[in-house]
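Heads up, the sequence shown is in this note's numbering, so the first residue is 2 and it goes up one at a time.
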Amino acid sequence: MNVLENTRTYLKNILNIDNMEIKDLTKAEEQIMQIIWQIEKGFVKEVMDFLPEPKPAYNTVSTIIRILETKGFIGHHAFGKSHQYYPLISREDYKRHATEKLLGNYFENSVESMFSFFVKEEKLDLNDVDEILKMIDKMKNRPR
C-alpha cells in the first residue's frame, strides 16, 4: 500500500471521512483538483504544467492549492520549502457529492426527473439508452 492509500485509509478509518461533509468547490478549485486527481501527486509547478493557456500566476495556483488543503481535499509532504500535494478525497467521492447535489438542487432528488430532462434535451443517444438498460437489467438480476 502506498503513502496515498495509507493516508486515505487513515482518514476514512480514524477520522471517519466517509461521514464528513464534502465541501463544494469553485470552478477554479475543481480545475486544480482534476489535475491533482490525474497526476496523483505533484508540486505547484507540476500542476501549472497541466493548466491551459493563459496560465494563472504561480501565486494564484498556490493560493488555490492552500484553499483546497484547508477544505480537506488535499494533503502535502514537505521537501524543504517545497510541498508535494496529493488528494485526500477521491474523484469518485467528489463525483458522488456533486451528483447528489445536482440531483437535489435541480431534480428534487428524482433520478427519473433527471433522466427525463436528458431525454427531452436530446442528450442521450440510442447507445446511451442501451447501456442504461443493460445496467438496469443487471440491477434487476442482483440478489437482494
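Cβ coordinates follow ideal geometry from the N, Cα and C atoms, glycine included.
Note that this is a predicted model, so its numbers are computed, not measured.
Give the C-beta separation of Y87 and K42 to the nearest angstrom, bearing in mind that I take them to be a contact with Cβ-Cβ under 8 Å.
About 4 Å separates the two Cβ atoms, so the contact holds.
Run through the segment 81 to 126 for me and flag every whole beta strand (DSSP E) of 3 or more residues, listed as ranges in chain order.
Counting whole runs of 3 or more residues, the segment 81 to 126 contains the beta strand (DSSP E) stretches 83 to 88.
What do you get for L69, buried or exposed, if any count of 16 or more other CB atoms within 10 angstroms of its CB means buried?
Buried, since its Cβ has 16 or more Cβ neighbours within 10 Å.
Hey, I66 and I90: beta-carbon distance below 8 Å or not?
In this structure, I90 does not lie closer than 8 Å to I66 by Cβ.
Closer than 6 Å by C-beta to H78: which residues in its own chain qualify, once you throw out the five before and the five after it? Chain order, please.
Contacts found: Q85.
Compare the beta carbon distance of S83 and F44 with 8 Å and say whether it is the shorter of the two.
Their beta carbons are under 8 Å apart, which means S83 touches F44 by this criterion.
Which one or two residues does DSSP pair with G43 in a beta bridge?
Paired residues: Y86.
Alpha carbons only, please: which of D138, L134, F118, E30 is nearest the one belonging to T71?
Among D138, L134, F118, E30, the Cα nearest to that of T71 is on E30.
Taking all protein chains shown into account, do 16 or more other C-beta atoms lie within 10 angstroms of the C-beta of N26, making it buried, or fewer, making it exposed?
As written in the sequence, residue 26 is Leu, which differs from the Asn given in the question. Counting Cβ neighbours within 10 Å, L26 comes out buried, since at least 16 surround it.
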